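K.L.:
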Amino acid sequence: MSIKRQVTEGEEPVSPFAKIFSYQRSVANIVTFGLKIEVDPPIFVEGLKNTLINHPRFSSILVTRHGESKWIPTKVKVEDHVIVPEIDPYIENPDEFLENYTSNMALSPMDMSQPLWEFHLLKLKTSLAESVVVARFHHSLGDGMSLMSLLLACTRKVCDPEAFPTFVAPKKSKAKNACWSLVAWLWFLVRTTFHTCVELFNALVFMCFPRDSAICLSGKPGASRSIDKIIHQIIPLDDVKNVKNAMKMTVNDVVFGMVQAGLSRYLNQRYDLETTSDTRKTLDKLCHRGAVIFNLRPNRDIEDLANMMAKGSKCRWGNSLGYVIIPLWLKPEDDMLEYVRQAKTTMDRKKLSLEPLFSYGLLKLTMDFLGIKAVRNILNRLFHNTTMIFSNVVGPAEEISFFGHQISYFAGSVSGISQALIINVQSYVDKLIINLAVDSDVIPDPHHLCDLIIESLSMMKSAASENICHASEV
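Taking our numbering, I'd label the letters of the sequence shown as residues 4 to 477.
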């Protein structure tokens with residue numbers, strides 16, 4: 004597509020964080036939708052014409068001239084962004100084909116001469132869906148959470164085709180009298196200040212003097228880590244809720260606990276086979292850390308997210324994420340519930356700190372005063388010296404359809420960053436989708452790692468049931 008000069012009034016400056024990603028053509032968000040019916044390309048194209056391209060980012064080209072990057076509006080032909088590959092309907096292993104297809108998308112750079120998004124409609128029946136839609140968006144368009152939210156704003160409830168999806172609302176605290184409310188607020192302020200200072204000090208020490216177990220997940224000498232394999236599995240959400248209810252914790256605590264347990268078992272199995280006992284003792288002493296992504300947007304109502312495609316929306320758009328650096332509890336434990344307890348302790352501490360806001364502010368100030376190169380150095384240091392990146396997103400509570408196509412599941416991930424392991428967990432109705440993006444040189448057996456995470460949840464469920472039975476007997 005040739006790039007023509009647009010009127011100056013139509014141009015829009017690129018945000019600082021979008022500018023960082025604009026220099027890397029393969030940094031993208033990849034979202035896989037499993038459908039309950041065979042995808043209909045004409046209907047899907049028409050749906051995109053009425054929704055997604057109304058957002059200015061999806062009808063603009065990212066152009067850099069003399070070091071200045073701008074979004075320039077252009078005419079979009081939706082059909083050019085919708086790919087329908089020819090697939091053998093009798094393919095022997097459709098699940099493996101889908102994994103290879105998404106992995107190839109993760110490795111392929113995007114064409115920067117046109118709007119940076121595309122949809123691949125796969126008439127492929129897998130073990131989890133009748134057909135599949137794989138969407139890819141360059142990270143300069145926005146972060147994964149904003150893009151996922153925008154896609155969900157294009158969907159509607161199956162039971163009510165005119166209604167937006169609904170999400171589980173967080174429980175509100177019970178009202179207290181004025182005196183106790185003031186005391187609670189002051190105590191909250193003290194705790195927040197204390198935890199913020201402690202966590203920021205720990206993060207600063209880590210960034211200046213990284214000491215992490217990323218060496219445990221190392222590839223070939225001198226190789227740069229990059230995502231080249233994406234897989235996902237689905238488990239019942241009720242299994243997580245059973246453990247949550249038994250331990251009186253949150254779903255996020257249980258999910259993060261089972262991820263820690265699975266990764267602990269994976270590392271111990273791997274190094275039982277590959278290392279000496281002295282090396283294993285050294286590995287146990289290392290402090291493992293991960294990066295957890297936090298959404299910093301205040302607007303979370305689905306109606307507000309739908310307005311992102313309308314002129315004059317008040318929703319913030321772009322890359323607006325903060326991160327926190329968390330210690331991972333990866334020591335071998337006989338009691339599997341200990342991983343959940345440690346996850347709760349860590350998460351409660353992080354929730355009481357303002358570390359996500361400060362991490363976002365740090366990157367922004369670094370960009371303003373030191374430039375892109377300094378920000379990229381910070382991010383590379385973060386990714387190279389952490390064991391994994393983790394995010395957990397709450398999805399719709401009722402079944403939804405995408406332009407009339409009922410959705411069976413959806414899973415999001417990111418590619419093109421220098422990290423060996425990215426774990427994204429997404430809930431949808433009564434399902435929990437676990438999505439792993441890995442560097443296959445570092446983690447050659449991602450399915451085994453995912454199985455260990457799921458098995459850890461089963462072991463937690465059994466342990467929680469035993470605890471309840473024991474408590475009732477007492």
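Virtual Cβ for every residue (Gly too), placed ideally from N, Cα, C. Values in this document were obtained by computation on a predicted structure and should not be read as measured data.
To the nearest angstrom, how far is it from the Cα of R384 to the Cα of I46?
P.N.:
When rounded, the distance between both Cα atoms is 45 Å.
K.L.:
So I230 packs on V441, CB below 8 Å; how close in whole Å?
P.N.:
Yes, I230 and V441 are in contact; Cβ-Cβ is about 7 Å, under 8 Å.
K.L.:
Note down, one range per segment and in chain order, each alpha helix (DSSP H) of at least 4 residues found wholly within the stretch 345-396.
P.N.:
Listed in chain order, the complete alpha helix (DSSP H) runs (minimum 4 residues) inside the stretch 345-396 are 358-373 and 375-387.
K.L.:
Within the same chain, show all residues whose beta-carbon is closer than 7 Å to that of L355, passing over the 5 residues directly before and after it, in chain order.
P.N.:
For L355, where only same-chain residues beyond five positions count, the Cβ hits under 7 Å are R194, T195 and H198.
K.L.:
G37 and L155 look like a contact to me (Cβ under 8 Å); what is the Cβ gap, rounded to whole Å?
P.N.:
So it is not a contact: roughly 15 Å between Cβ atoms.
K.L.:
I'd like to check one pair, R139 with I296: are the Cβ atoms closer than 7 Å?
P.N.:
The answer is no: Cβ separation not under 7 Å.
K.L.:
Tell me whether P449 is buried or exposed, calling it buried when 16 or more other Cβ atoms sit within 10 Å of its Cβ.
P.N.:
Buried, because 16 or more other Cβ atoms sit within 10 Å of the Cβ of P449.
K.L.:
Quick one: grab the DSSP three-state call for L331.
P.N.:
Coil.
K.L.:
Please classify P76: does DSSP put it in a helix, a strand, or coil?
P.N.:
Correct three-state label for P76: strand.
K.L.:
For a quick check, are the C-beta atoms of A480 and I392 less than 7 Å apart?
P.N.:
For residue 480 there is no data in the structure shown, the boundaries of the chain being 4 and 477.
K.L.:
Going by other Cβ atoms of all chains shown within 10 Å of its Cβ, with 16 needed for buried, is I40 buried or exposed?
P.N.:
It is exposed - the Cβ of I40 has fewer than 16 other Cβ atoms within 10 Å.
K.L.:
Tell me which same chain residues have a C-beta within less than 7 Å of the C-beta of I90, skipping the five on either side of it?
P.N.:
Excluding sequence neighbours, I90 sits near L125, K126 and L127.
K.L.:
Between the Cα of N427 and those of K347, I233 and E358, spot the shortest distance and give me the residue it belongs to.
P.N.:
Of the candidates K347, I233 and E358, the one whose C-alpha sits nearest the C-alpha of N427 is I233.
K.L.:
Please state whether DSSP places A440 in a helix, a strand or coil.
P.N.:
Looking at A440 - three-state DSSP - the assignment turns out to be strand.
K.L.:
Between the beta-carbon of V254 and the beta-carbon of K247, is there less than 7 Å?
P.N.:
Cβ atoms of V254 and K247: closer than 7 Å.
K.L.:
Mind checking whether T158 and F405 have CB atoms under 7 Å apart?
P.N.:
Taking 7 Å as the Cβ cut-off, T158 and F405 qualify as a contacting pair.
K.L.:
Since N205 is in the alpha helix (DSSP H), which residue starts that stretch and which ends it?
P.N.:
That run of the alpha helix (DSSP H) goes A181 to C211.
K.L.:
One question on the structure: do I56 and S62 come within less than 7 Å of each other, judged by their Cβ atoms?
P.N.:
In contact: I56 and S62 (Cβ atoms closer than 7 Å).
K.L.:
Within the continuous beta strand (DSSP E) that includes T105, where are the two ends?
P.N.:
From DSSP, T105 is part of no beta strand (DSSP E) but of the alpha helix (DSSP H) over P97 to L110.
K.L.:
Within the continuous alpha helix (DSSP H) that includes E49, where are the two ends?
P.N.:
Note, E49: alpha helix (DSSP H), P44 to N53.
K.L.:
Whole angstroms is fine: what's the gap from K28's alpha carbon to E121's?
P.N.:
With the sequence shown as reference, residue 28 is identified as Arg, and Lys is not the correct amino acid for it. C-alpha separation (whole angstroms): 14 Å.
K.L.:
Among E202, V30 and Q272, which residue has its Cα nearest to the Cα of S111?
P.N.:
Nearest C-alpha to S111: V30.
K.L.:
For A166, report the span of its beta strand (DSSP E) as first-last.
P.N.:
Neither: A166 is in no beta strand (DSSP E) and is coded neither H nor E.
K.L.:
If you draw a straight line from the alpha carbon of D256 to that of G293, how long is it in whole angstroms?
P.N.:
About 15 Å.
K.L.:
Let's see if you can read the secondary structure: which residues bound the alpha helix (DSSP H) around A249?
P.N.:
Its alpha helix (DSSP H) spans residues L240 to M250.
K.L.:
For a quick check, are the C-beta atoms of S394 and L333 less than 7 Å apart?
P.N.:
No.
K.L.:
Can you tell me the Cα-Cα spacing of M462 and M339, whole angstroms?
P.N.:
Going by the C-alpha atoms only, they are around 7 Å apart.
K.L.:
In whole angstroms, give me the CA-to-CA distance for P239 and G325.
P.N.:
For P239 and G325, the distance between alpha carbons rounds to 29 Å.
K.L.:
Can you tell me whether DSSP reads Q263 as helix, strand or coil?
P.N.:
In this structure, Q263 counts as helix in the three-state DSSP scheme.
K.L.:
Assuming L299 is part of the beta strand (DSSP E), what are its boundary residues?
P.N.:
No beta strand (DSSP E) contains L299, which DSSP labels as neither H nor E.
K.L.:
Rounded to a whole number of angstroms, what is the C-alpha to C-alpha distance between L185 and F204?
P.N.:
C-alpha separation (whole angstroms): 29 Å.
K.L.:
Which same chain residues end up closer than 7 Å to F361 when comparing Cβ atoms and leaving out the 5 residues on each side of it in sequence?
P.N.:
Answer for F361: L203, listed in chain order.
K.L.:
Looking only at its chain, what residues have a beta carbon closer than 6 Å to the beta carbon of N271, apart from the 5 residues adjacent to it on each side?
P.N.:
For N271, where only same-chain residues beyond five positions count, the Cβ hits under 6 Å are P335.
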